[in-house]
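Everything below concerns the one structure shown next.
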Amino acid sequence: PESFDEAMQVDASKKWEQAMDEEHNSLMENQTWDLVKLPEGKRALQNKWVYRVKDEGGKKIYKSRLVVKRFAQKQGIDFDEIFSPVVKMTSIRTVLGIVAIEDLHLEQLDVKTAFLHGDLEEELYMQQLEGYEVKGKEEM
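Yeah, the sequence shown ends on 496 if you go by this note's numbering, and it's all consecutive.
Written as structure tokens, this is what we have:
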């Protein structure tokens, strides 16, 4: 699906709803935001749901992620710089080479919602999530 409305209209709508619930619950458990009135002179960033289906061992896994509509942001106003820590392939090859040469045991892990474990230095304001607006506080 390309939008929340479309996700709610397709045959797999229950699976998409479950995927969004999982993402929303993770965001809430990590206390990602506080619902506040938008201060004067500030802009609320727009967001959207992004959907994809992963194939894990022949089983379809429905994934939903909340993202900011970056195209609606202005550098210097909404953000100053972009940084996304990603390991370089040469680093992975080096580690794998050492593991092979030294006959070591290697383990990997995936930190679910890893990006939520950092602290922001600046305050950001974002519109409420479509489908998860707090009743009575829709204007916040």
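All residues carry an ideal CB built from backbone N, CA and C; glycine is no exception.
query = Taking C-alpha atoms, which residue in Gln-484, Arg-408, His-461 lies nearest to Glu-358?
reply = Arg-408
query = What residues in its chain sit with their C-beta under 6 Å from that of Gly-487, if we drop five residues either side in the sequence?
reply = Phe-360
message = Taking 8 Å as the limit between beta carbons, can you name the residues of its chain near Val-490, skipping five residues before and five after?
response = Leu-391, Gln-484, Met-496
Given Val-424 as reference, the closest of Val-406, Asp-411, Lys-393 once Cα atoms are compared = Val-406
inquiry  = Is the beta carbon of Leu-422 closer than 8 Å to that of Glu-478?
reply    = no
Coarse secondary structure for Asn-403, derived from DSSP in three states = strand
task = Please report how far the alpha carbon of Met-364 lies from the alpha carbon of Tyr-418, in whole angstroms.
result = 13 Å
query = Are there 16 or more other CB atoms within 10 angstroms of the CB of Met-445, so buried, or fewer, so exposed?
reply = exposed
ask   = What number of angstroms, rounded off, separates the C-alpha of Ala-400 from the C-alpha of Lys-393?
value = 10 Å
query = Within 10 angstroms of its Cβ, does Ala-375 collect 16 or more other Cβ (buried), or is it exposed?
reply = buried
Rounded straight-line distance, which links the Cα of Lys-371 to that of Leu-465 = 26 Å
message = Pop quiz: Lys-398 and Tyr-481 are said to be a contact at Cβ under 8 Å. What is the actual Cβ separation, rounded to whole angstroms?
response = 5 Å
key: Three-state secondary structure assigned by DSSP to Met-445   = helix
ask   = Under the three-state reduction of DSSP, which class applies to Val-451: helix, strand or coil?
value = helix
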